[in-house]
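Chains as they are written, first to last, in the numbering used here: chain A, 1 to 237; chain B, 238 to 474.
There are 2 protein chains.
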Amino acid sequence: MRHYLALTPAEEDALARLEEHERKLPRGAVVRREHDRARELFVLRKGWIYSSVGLDDGSRQILKLSFPGDLLGHSVIAFSDAPDTLCALTDVTICPFDRLELRNLFERHPRLAALIMAVMQAEQVALTDRLASLGRTSARARVAALLLDILTRLRLMKPDQHRDSFPLTLTQEQIGDATGLTAVHVNRMIRSLEEEGLIRRGGGAMRILDEQRLTGLANYIDRSAEIDTSWLPNSTA
Amino acid sequence: MRHYLALTPAEEDALARLEEHERKLPRGAVVRREHDRARELFVLRKGWIYSSVGLDDGSRQILKLSFPGDLLGHSVIAFSDAPDTLCALTDVTICPFDRLELRNLFERHPRLAALIMAVMQAEQVALTDRLASLGRTSARARVAALLLDILTRLRLMKPDQHRDSFPLTLTQEQIGDATGLTAVHVNRMIRSLEEEGLIRRGGGAMRILDEQRLTGLANYIDRSAEIDTSWLPNSTA
DNA sequence: CGTCGAGTTGACATAATTCAAGTAAGGTGG
DNA sequence: CCACCTTACTTGAATTATGTCAACTCGACG
Chain A
1 MRHYLALTPA
11 EEDALARLEE
21 HERKLPRGAV
31 VRREHDRARE
41 LFVLRKGWIY
51 SSVGLDDGSR
61 QILKLSFPGD
71 LLGHSVIAFS
81 DAPDTLCALT
91 DVTICPFDRL
101 ELRNLFERHP
111 RLAALIMAVM
121 QAEQVALTDR
131 LASLGRTSAR
141 ARVAALLLDI
151 LTRLRLMKPD
161 QHRDSFPLTL
171 TQEQIGDATG
181 LTAVHVNRMI
191 RSLEEEGLIR
201 RGGGAMRILD
211 EQRLTGLANY
221 IDRSAEIDTS
231 WLPNSTA
Chain B
238 MRHYLALTPA
248 EEDALARLEE
258 HERKLPRGAV
268 VRREHDRARE
278 LFVLRKGWIY
288 SSVGLDDGSR
298 QILKLSFPGD
308 LLGHSVIAFS
318 DAPDTLCALT
328 DVTICPFDRL
338 ELRNLFERHP
348 RLAALIMAVM
358 QAEQVALTDR
368 LASLGRTSAR
378 ARVAALLLDI
388 LTRLRLMKPD
398 QHRDSFPLTL
408 TQEQIGDATG
418 LTAVHVNRMI
428 RSLEEEGLIR
438 RGGGAMRILD
448 EQRLTGLANY
458 IDRSAEIDTS
468 WLPNSTA
């Protein structure tokens, strides 16, 4: 799944074991709710999922979007109560596995464990990019950055299907919850981007017309440049 | 250093090895600059350090504060170019070690490697808390949350020294860069908190007078409740 | 002493929110 | 197949939070 380097057969097996079980959920389903006791991680096989936290005043912050191939629910690595809610944006297929499986990985496949740590770290850097986006850029820039982030991440997996567009499964309210804006204001920003010919909507899809200009305006940094795996331990098998 | 569980002598040795070398830097020194090639992680032994990114328009976002005992510079686990700048807020003592040392840890001390992953994960959750703070709370709340975060983290290490106060080494501009606000507005928020008797400043220190009320207003969540290590592998030695 | 960085304060400008009302599209029961 | 409802999207006007600019104070430090 996360093919940043050539895996040995034994490592492939170990990864496959994590995806042994499969669970399908309909659009809108809650995978797990914040404050619930949680022991499972998931590999997302199909569909989109978002992670969010609710605040006292009823507002909500979307923390992360996950796409096919992503690992989610990492928080159980540190805490036994889920700090965030996971919710399906589309019909999804997920492969749950207990965190005890990680134990096996650390003991028998140190290289895989280290690779997972590297991938998690890359996600953390993505989080800091979003932090800078929320803290220091305008509404327009935040919306633009979100759209670009979705596009580049989908394109990484399926370059042919997502040359310059993707299905718009997020409502404007959800975009607002991700960018720290109001649904109303998100709407205004999207139309302004559209009027300037930077993006176009239609048929339930979002198309990025001028990726370069949008990237500049959004202060967006594409970090899909490969993860550096040169320090990883050698494979054991 | 990170005593979330009892370590074996061999594990203690391995950790001690990471702290073999020591480097002292004066206040204001840059440990490493963003975009620099970077291979080293650090254990912060003494002093405070912040991590920040600069945006095109000259503004800056402070991503994280690090205190004694913290591990920093994790980004080299995934990338060979530093995504953020590390800068000393006080005179500091750091213990640098190459990321190749991690290899040794994964191969010989899987339990330690897993513990480090858990600690990193806890930091990631802290990042998501800040994301929600920037995205969905008012200026007052963000400033309050930052102050509480500093207090609770320092108190975790030195409960007696930091009952309810800490040295205010951050300028108001830096507080602004951390919370996504202007220095001017930070000033107004701090005085308003002070006028309401929630905090008090004096002698270069910040004192939290009404932690409970401040916590409520800030939407702050204290996650210093122990990291859950029950899933970790057994020690090898 | 004089300079400099940090903090403080007021007047004003602007970005984003709130409120309110309306339209379009999709789903459901009759 | 239509009438109805609901949910998402759109738009304008009024309001508010935060930013900008500019001036002033204060203490530290050379």
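Don't be surprised by glycine CBs; every beta carbon is placed ideally from N, CA and C. Predicted, not measured: the structure shown is a model, and the values here were computed from it.
Residues bridged to residue i (per DSSP)
i                : result
Asp534 (chain B) : Not covered by the structure: residue 534 (chain B). The range shown for chain B is 238 to 474.
Met443 (chain B) : B:Phe403, B:Arg438
Thr330 (chain B) : B:Lys261, B:Lys283
Leu323 (chain B) : B:Arg269, B:Ser288
Beta-carbon proximity list for residue i, same chain, < 8 angstroms, skipping 5 on both sides
i                : result
His258 (chain B) : Cys332, Pro333, Phe334
Leu105 (chain A) : Ala14, Leu112, Ala113, Ile116
Lys187 (chain A) : The residue you asked about is not Lys; residue 187 (chain A) is Asn in the sequence shown. Gln172.
Leu168 (chain A) : Arg201, Gly204, Ala205, Met206
Arg163 (chain A) : Arg155
Leu5 (chain A)   : Leu115, Thr229, Leu232
Leu292 (chain B) : Gln298
His422 (chain B) : Ala376, Gly413
Sequence-distant residues of the same chain with beta carbon closer than 6 angstroms to residue i, five excluded per side
i                : result
Arg270 (chain B) : Thr322
Val267 (chain B) : Cys324
Tyr379 (chain B) : Reading off the sequence shown, one finds Arg at residue 379 (chain B), where the question assumed Tyr. Cβ neighbours of Arg379 (chain B) beyond the five flanking positions: Ser370, Thr416.
Leu430 (chain B) : Ile436
Pro347 (chain B) : Pro470
Leu181 (chain A) : Ala139
Ala355 (chain B) : Ile464
Phe213 (chain B) : For chain B, the structure presents residues 238 to 474; residue 213 (chain B) sits outside this window and is missing.
Asp328 (chain B) : Pro263, Arg264, Gly284
Same chain only: Cβ atoms within 7 angstroms of residue i, ignoring 5 sequence neighbours per side
i                : result
Arg37 (chain A)  : Ser80, Asp81
Ile387 (chain B) : Leu302, Phe403
Ile221 (chain A) : Asp129
Leu63 (chain A)  : Ser51, Ser52, Val53, Asp84
Met426 (chain B) : Ala376, Arg377, Val380
Ala183 (chain A) : Gln172, Glu173, Gly176
Ser75 (chain A)  : Ala82, Pro83, Asp84
Ala218 (chain A) : Ala141, Ala144, Ala145, Leu148
Ala434 (chain B) : Strictly speaking, residue 434 (chain B) in this sequence is Gly, with Ala absent from that position. So the qualifying residues of the chain are Leu446, Asp447.
Ser461 (chain B) : Thr389, Leu393
Thr272 (chain B) : The residue asked about is misnamed: residue 272 (chain B) is His in this sequence, not Thr. For His272 (chain B), where only same-chain residues beyond five positions count, the Cβ hits under 7 angstroms are Asp318, Ala319.
Glu344 (chain B) : none
When you check each C-beta in the region 327-345 of chain B against every C-beta of chain A, which residues fall closer than 7 angstroms? Arg336, Leu337, Leu339, Arg340, Phe343, Glu344
Can you list, in chain order, the stretches of the beta strand (DSSP E) that have 3 or more residues and sit fully within the region 251-321 of chain B? Correct list: 260-262, 267-269, 277-283, 286-291, 297-303.
Give, in chain order, every residue of the region 118-138 of chain A whose Cβ lies closer than 9 angstroms to some Cβ of chain B. Ala118, Val119, Met120, Gln121, Ala122, Glu123, Gln124, Val125, Leu127, Thr128, Asp129, Arg130, Leu131, Ala132, Ser133, Leu134, Gly135, Arg136, Thr137
What residues in the region 291-316 of chain B have a beta carbon less than 7 angstroms from any beta carbon of chain A? Leu292, Asp293, Ser296, Gln298, Leu300, His311, Ser312, Ile314, Ala315, Phe316
Counting pairs of beta carbons, one from the region 57-73 of chain A and one from the region 368-379 of chain B, are three or more of them closer than 8 angstroms? yes
Which ranges does the alpha helix (DSSP H) cover as unbroken runs of at least 4 residues, wholly within the region 334-377 of chain B, from first to last along the chain? 337-345, 347-373
Residues in the region 183-207 of chain A with C-beta within 9 angstroms of chain B's C-beta atoms, listed in sequence order? none
Taking Cβ-Cβ distances below 7 angstroms as the criterion, which residues of the region 265-288 of chain B are in contact with chain A? none
Please name the residues in the region 217-229 of chain A whose beta-carbon is closer than 7 angstroms to at least one beta-carbon of chain B, in chain order. Within the region 217-229 of chain A, the residues whose Cβ lies closer than 7 angstroms to some Cβ of chain B are Asn219, Ile227, Asp228, listed in chain order.
Say whether the region 432-450 of chain B touches the region 74-83 of chain A, bearing in mind that this needs 3 or more beta-carbon pairs closer than 8 angstroms, one atom from each stretch. no
Counting only Cβ-Cβ distances shorter than 9 angstroms, please list the residues of the region 382-399 of chain B near chain A, keeping chain order. none
Selection of the region 7-18 of chain A by Cβ proximity to chain B, strictly under 9 angstroms: none
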